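Counting the sequence shown from 1 gives a position; this note's numbering is that position plus 693. Ideal Cβ placement from N, Cα and C applies to all residues, glycine included. From a predicted model like this one, the values you see are computed outputs, not experimental measurements.
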Amino acid sequence: MIQKNEHYDVVVCGGGLAGFCAGVAAARQGAKACIVQDRPVFGGNSSSEIRVTPHGAAAFHAYARETGILSELLIEERARNHEEILENGWTNSVWDMVMYDMAMSTPNLTFHLNTSIQQVVIDANKHIQSVIGRIANSETELTISGSMFIDCTGDGIVADLAGCEWRMGTESREEFNEPHAPLQASQDTMGNSIHFKAKDMGRQVPFKAPDWAVKYEDASFFYKQGRTPNDVRGGYWWLEIGVPWHTIYDSEDIRHELTCHTLGVWDWIKNRDPETMELAANYAIDWIGQVPGKRESRRIIGDYFMTEHDILNRKVFEDEIAFGGWFIDLHTPGGLLAPTSEPNSAAGYQGDYNVKSYCGPYGVPLGICIAKDVNNLMMAGRNVSVTHAALGTVRVMGTTALMGQAVGTAAGLAVSKNVPIRTISNHHIRELKQTLIKDGCFLPNNRNEDEYDLARSARLSASSEAVVHGVGPESRDAETPLLKRWWDTAPKKLELHVVKKPEVQLLTKLGQWIAMGTSELRQVAVCLTNTSDQVQVVRSSLVPVNDIWDYRVNTGTVLAEAELLVAPGEAQWIEWEVQLTDLKPNSYIRLDLSSNEHVIWHRAGGIEPGQTSAWDMGNGQMRGVKYALSYRVEPAQPSYGAVNAISGVTRPHQSTNLWKSDPQQPLSQWLQLEWEEAVTIREVHLTFPGQLLTEYHYYPPFYKDPQCPRVYTIQAWREESWEDLVHIKDNYQRQMKHSLSEEVKTAKLRIVVHATNGDPSAAIYEVRCYS
Ligand SMILES: Cc1cc2nc3c(=O)[nH]c(=O)nc-3n(C[C@H](O)[C@H](O)[C@H](O)COP(=O)(O)OP(=O)(O)OC[C@H]3O[C@@H](n4cnc5c(N)ncnc54)[C@H](O)[C@@H]3O)c2cc1C
């Protein structure tokens, strides 16, 4: 055994998505950072070794895709990958290599793979001095000292070795009165899983299970308990086992049990299940995971302990550093050994449990990421300071990656200021939040207030601006036709509860968001079909909403109400004179139609950015979807003005926040910033559209967001003419930061978009300029 010693400013332990983003973020802040990861690849559960698809808020909320480092990675993955990624089990090594590439090209970042941290050296002042790891296959012991440590090991091993308080198991209802907490506290956790992927061989192929595989005979175990083999190609998150085993100490036993069960499940699907035998006849298992993914183990107690109430109430935290929006997804302890897999899936994702577990987007505070018992330890990922119930939502990797970027940035700031981490959380939280926003992150209750950003004081104009007349069944956008869900490609066509038809029956109240560009709305129209032979009445209302995720059925105020009469017949545009003149420009209103089972509100064939819809799921709550319902507005709304590029928010939220050029005007189109007096500019940061609508695996191989500018120029007005400062070809990334070769003094700057990746309009969410 040889010994090696290294020193870094920031040592990130664990290279899952939380750890990876933490390491990159710290290095980008200028800290000398190191990621120590005990597997040969980055990504943890998301890696090609385990193949869990990174999910997040955009699964349930339109335009809620996580941005920042994670979106850089996922945009790159889609652009490079030749394979579609539909669900758990599909990930391939293109993803591993995208992360490897970013790690290699990030200055200040070092990493050690195949290195397992096994010891922590901590001093009497509760300061971690170093961690000690073993490098597999190289008989090397590595001691890594550092100023700041971040535990992203999932199991919280560093915090445990450092003597931090932690919890593992389930809180009782009595402790915090959380709706999802059981009456009794217990040691129960969610379990570990392996995945498989089956491949179509184009001819019948046999499968003989080994004698040691578990034998399944009971169809109700699958079909009545939320373990439906929906897609014979794989994607079964319910291949899960936890209690009575311990998810840390018995991890190897669980892996073996999972292997026995997984082969048994495949044997059932292939050889005995009447529902799937025929479909699976040509399929063979192509890959079976042997590194179990862990869902839950230690939760380290931090400066703040977040409960389900914070999430359901969408509490506004002063130290908000990330956001989440996956549902409260708590699997039944035991997994395959328990009667049901997970209450929501067992109930077909319908009913009271579904309503109760839908949440977000909500803010995540820094306090859950700072270990309370050690002075230089933070954590990100599933080991943060939350209850078991709250973990049900924050544990998904979109959210854990955002936490990672936030703690890495916080650590980097602490290093650059040479202060302890609590000085950042107590005195520099505004700077941390502004840095995160500048680096592409979205914080639901914060916006760009960077006093150094010169663009904020500019006057904006554009060569043209798109106006919104509405969308109808015949409308098309460049993004929607490319989206693919796994159930669209599954060998078995499924009757899912999800409404898949181009029309949407008014079985519940439905609402369509409308982005107002002016204060005036004279008329709205909706495209309806009455399937009965009598005139039907549909109650309609216009209500103000705070943002595109304001899911209150009753928002307290009604701007206008009417009863629409719908004669029998197909696809009629029903007009409603609303005559509203004092609406708030640059805000959203919602057009709601009440339920009437004889009436269909036609789904639109395309979406105007930021204008999607929702349905009433019960209990006073609506649920967002990622399509639009057909509507028209009079007058057309200028919802995509140039001024949006300095609104301070880089996605649709309280307004569209997007400049979009008139699609009828040919490219090139420009956006202009003008100052009263010349300013000196060294850097220009641009944020474009980039796969915000939904999660990354909905997008096809080699995907580049059609709305993202591909070829553009940054120009400055100098000596009575436009001078090119930067010319970019082949872009598909959402955030581009340009350092100019030399500083420029000018009173006018233009971003000229010459070509996009497919959309007829140029579009920009934000321009920032720095001297
Ligand atoms: C089967 C399954 C399905 C799931 N489904 C989804 C889903 O669909 N979408 C989703 O987003 N989330 C899903 N989750 C949850 C999600 O995968 C986890 O909560 C998430 O991986 C947590 O991220 P993390 O970075 O904290 O941990 P991990 O991804 O577990 O990363 C931690 C890393 O630290 C490393 N490590 C551990 N100990 C050490 C050590 N001593 N030294 C060095 N390195 C160490 C580990 O090898 C690992 O790579 C699922 C989880 C499972 C198990």
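Examine ligand 1 and report whether any of its heavy atoms sits within less than 8 Å of the Cβ of Trp-788.
-> Against the sequence shown, residue 788 aligns to sequence position 95. No, since every heavy atom of ligand 1 falls outside the 8 Å radius drawn around the Cβ of Trp-788.
Apart from the five residues on each side of it in sequence, which residues of its chain come closer than 6 Å, Cβ to Cβ, to Met-694?
-> Counted from its first residue, the sequence shown places residue 694 at position 1. So the qualifying residues of the chain are Glu-832 and Glu-834.
Does the Cβ-Cβ distance between Gly-709 and Gly-1074 come in under 9 Å?
-> One-based indexing of the sequence shown puts residue 709 at position 16. One-based indexing of the sequence shown puts residue 1074 at position 381. The answer is yes: Cβ separation under 9 Å.
Cα separation between Val-1191 and Phe-1135?
-> For the purposes of this step, residue 1191 is taken as residue 498 along the sequence shown, with counting starting at 1. For the purposes of this step, residue 1135 is taken as residue 442 along the sequence shown, with counting starting at 1. Its pLDDT being 45, under 50, Val-1191 is placed unreliably in this model, and the value from its coordinates should be taken loosely. Roughly 28 Å between the two C-alpha positions.
DSSP state of His-1002, grouped into three classes?
-> Within the sequence shown, the letter at position 309 stands for residue 1002. It is helical.
Taking the Cβ atom as the reference point for each residue, do Asp-924 and Thr-808 lie within a distance shorter than 9 Å?
-> As a working mapping, residue 924 is identified with position 231 in the sequence shown. As a working mapping, residue 808 is identified with position 115 in the sequence shown. It is not a contact, given that the beta carbons lie outside the stated cut-off.
First through last residue of the beta strand (DSSP E) which encompasses Gln-1127 = In the sequence shown, the residue the question calls residue 1127 occupies position 434. From DSSP, Gln-1127 is part of no beta strand (DSSP E) but of the alpha helix (DSSP H) over 1122 to 1131.
Cβ pair count under 8 Å reaching 3, the stretch 899 to 911 against the stretch 953 to 964 = yes
If we count the other Cβ atoms within 10 Å of its Cβ and call it buried at 16 or more, is Ser-1434 buried or exposed?
-> Walking along the sequence shown from the start, residue 1434 turns up at place 741. Exposed, because fewer than 16 other Cβ atoms sit within 10 Å of the Cβ of Ser-1434.
Tell me, please, whether the CB atom of Tyr-1046 is closer than 9 Å to any CB atom in chain B?
-> Among the protein chains of the structure shown there is no chain B, as only one such chain exists.
Would you say Gln-1098 touches ligand 1, meaning its beta carbon is less than 8 Å from a heavy atom?
-> As a position in the sequence shown, residue 1098 is number 405, starting the count at 1. Not under cutoff, so the answer is no.
Is DSSP giving Arg-758 helix, strand or coil here?
-> The residue you call residue 758 lines up with position 65 of the sequence shown. If DSSP states are grouped into helix, strand and coil, Arg-758 belongs with coil.
Would you call the stretch 1327 to 1341 and the stretch 1208 to 1216 touching, i.e. three or more CB-CB distances under 8 Å?
-> Contact between the stretch 1327 to 1341 and the stretch 1208 to 1216 is present: 3 or more CB-CB pairs across the two stretches fall below 8 Å.
Determine the direct distance from the alpha carbon of Glu-1035 to that of Leu-1189, and round the result to whole angstroms.
-> As a first step, residue 1189 is located in the sequence shown; it is residue number 496 there, counting from the start. As a first step, residue 1035 is located in the sequence shown; it is residue number 342 there, counting from the start. Any reading at Leu-1189 needs caution, since the residue's pLDDT is 45, under 50, leaving its predicted position unreliable; the model's value is listed next. Near 17 Å, if we compare the C-alpha coordinates of Glu-1035 and Leu-1189.
Would you tell me roughly how many angstroms separate the C-alpha atoms of Asn-1139 and Lys-1126, rounded to the nearest one?
-> What you label residue 1139 is simply residue 446 of the sequence shown in a count that begins at 1. What you label residue 1126 is simply residue 433 of the sequence shown in a count that begins at 1. Approximately 8 Å between the Cα atoms of the pair.
Residue from Leu-1258, Gly-1341, Val-1246 and Lys-1049 with nearest C-alpha to Asn-1223 | For the purposes of this step, residue 1223 is taken as residue 530 along the sequence shown, with counting starting at 1. Of Leu-1258, Gly-1341, Val-1246 and Lys-1049, the residue nearest in Cα terms is Leu-1258.
Reference Asn-1247; option with closest CA among Ala-1255, Glu-1256 and Leu-1235 | The residue given as residue 1247 occupies position 554 in the sequence shown. For Asn-1247, the nearest C-alpha among the options comes from Leu-1235.
Any heavy atom of ligand 1 closer than 8 Å to the CB of Arg-1088?
-> Within the sequence shown, numbered from 1, the residue matching residue 1088 stands at position 395. The answer is yes for Arg-1088.
So Asp-960 and Phe-914 are in contact, right, with Cβ under 8 Å, and what is the actual spacing, rounded?
-> Looking up residue 960 in the sequence shown gives position 267. Looking up residue 914 in the sequence shown gives position 221. Between Phe-914 and Asp-960 the Cβ distance is about 14 Å, and since that is not below 8 Å, they are no contact.
If we count the other Cβ atoms within 10 Å of its Cβ and call it buried at 16 or more, is Lys-725 buried or exposed?
-> Residue numbering aside, residue 725 sits at position 32 when the sequence shown is read from its first letter. Buried, because 16 or more other Cβ atoms sit within 10 Å of the Cβ of Lys-725.
Helix or strand or just coil, what does DSSP make of Gln-812?
-> For the purposes of this step, residue 812 is taken as residue 119 along the sequence shown, with counting starting at 1. If DSSP states are grouped into helix, strand and coil, Gln-812 belongs with the strands.
By Cβ distance below 8 Å, which residues in the same chain neighbour Pro-1278 in space, the five residues on each side in sequence not counted?
-> Translated into positions along the sequence shown, residue 1278 becomes position 585. Closer than 8 Å at Cβ, skipping near neighbours: Met-1209, Gly-1210, Thr-1211 and Ser-1212.
Specify the secondary structure class of Glu-1035 as computed by DSSP and reduced to three states.
-> As a working mapping, residue 1035 is identified with position 342 in the sequence shown. Reduced to three states, the DSSP call for Glu-1035 is coil.
Is Val-717 near ligand 1, judged by its Cβ being under 8 Å from some heavy atom?
-> Translated into the one-based positions of the sequence shown, residue 717 becomes position 24. No - ligand 1 has no heavy atom lying nearer than 8 Å to the Cβ of Val-717.
Would you kindly check if the distance between the Cβ of Gly-1085 and the Cβ of Pro-1137 is under 9 Å?
-> Within the sequence shown, the letter at position 444 stands for residue 1137. Within the sequence shown, the letter at position 392 stands for residue 1085. Not in contact: Pro-1137 and Gly-1085 (Cβ atoms no closer than 9 Å).
Count the other CB atoms within 10 Å of the CB of Asp-702; is the residue buried (16 or more) or exposed (fewer)?
-> Counting from one through the sequence shown, the residue named residue 702 turns up at place 9. Looking at its Cβ environment, which holds 16 or more other Cβ atoms inside 10 Å, Asp-702 is buried.
Can you list, in chain order, the residues of its chain whose CB lies under 6 Å from that of His-1378, leaving out five sequence neighbours each side?
-> Position 685 of the sequence shown holds residue 1378. Excluding positions up to five away in sequence, the list reads Lys-1430 and Arg-1461.
Buried or exposed (CB count within 10 angstroms, at least 16 for buried), Ser-1150 = What you label residue 1150 is simply residue 457 of the sequence shown in a count that begins at 1. Flag for Ser-1150 reads exposed.
Rounded to a whole number of angstroms, what is the C-alpha to C-alpha distance between Ile-768 and Asn-1424?
-> The residue you call residue 768 lines up with position 75 of the sequence shown. The residue you call residue 1424 lines up with position 731 of the sequence shown. Straight-line measurement puts the Cα of Asn-1424 at about 11 Å from the Cα of Ile-768.
Do Trp-859 and ligand 1 come close, with the Cβ less than 8 Å from some heavy atom?
-> As a position in the sequence shown, residue 859 is number 166, starting the count at 1. No, the beta carbon of Trp-859 sits no closer than 8 Å to any heavy atom of ligand 1.
From Lys-1193 to Thr-1201, what does the alpha carbon distance come to, in whole angstroms?
-> Your numbering for residue 1193 matches position 500 in the sequence shown. Your numbering for residue 1201 matches position 508 in the sequence shown. Legend: pLDDT at Lys-1193 = 45, less than 50; position of this residue unreliable, value from coordinates given subsequently. Cα to Cα, the separation comes out at about 16 Å.
Cβ neighbours of Ala-891 in the same chain (closer than 8 Å, five flanking residues each side left out) | Position 198 of the sequence shown holds residue 891. These residues qualify, in order along the chain: Val-925, Arg-926, Gly-927, Trp-959, Ala-973, Tyr-976, Ala-977, Ile-978 and Asp-979.
Met-1071 bridges to which residues according to DSSP?
-> Translated into the one-based positions of the sequence shown, residue 1071 becomes position 378. Partner(s): Ile-843 and Ile-1063.
Would the beta-carbon of Gln-983 be found less than 8 Å away from any heavy atom of ligand 1?
-> Here residue 983 is taken as the residue at index 290 of the sequence shown, counted from 1. No, ligand 1 has no heavy atom inside 8 Å of this Cβ.
Under the rule that 16 or more other beta-carbon atoms within 10 Å means buried, what is Pro-1302, buried or exposed?
-> On the sequence shown, position 609 is the one that residue 1302 refers to. Looking at its Cβ environment, which holds 16 or more other Cβ atoms inside 10 Å, Pro-1302 is buried.
Heavy atom of ligand 1 less than 8 Å from the Cβ of Pro-922, yes or no?
-> Along the sequence shown, read from residue 1 onward, the residue named residue 922 stands at position 229. No, Cβ of Pro-922 sits at least 8 Å from all heavy atoms of ligand 1.
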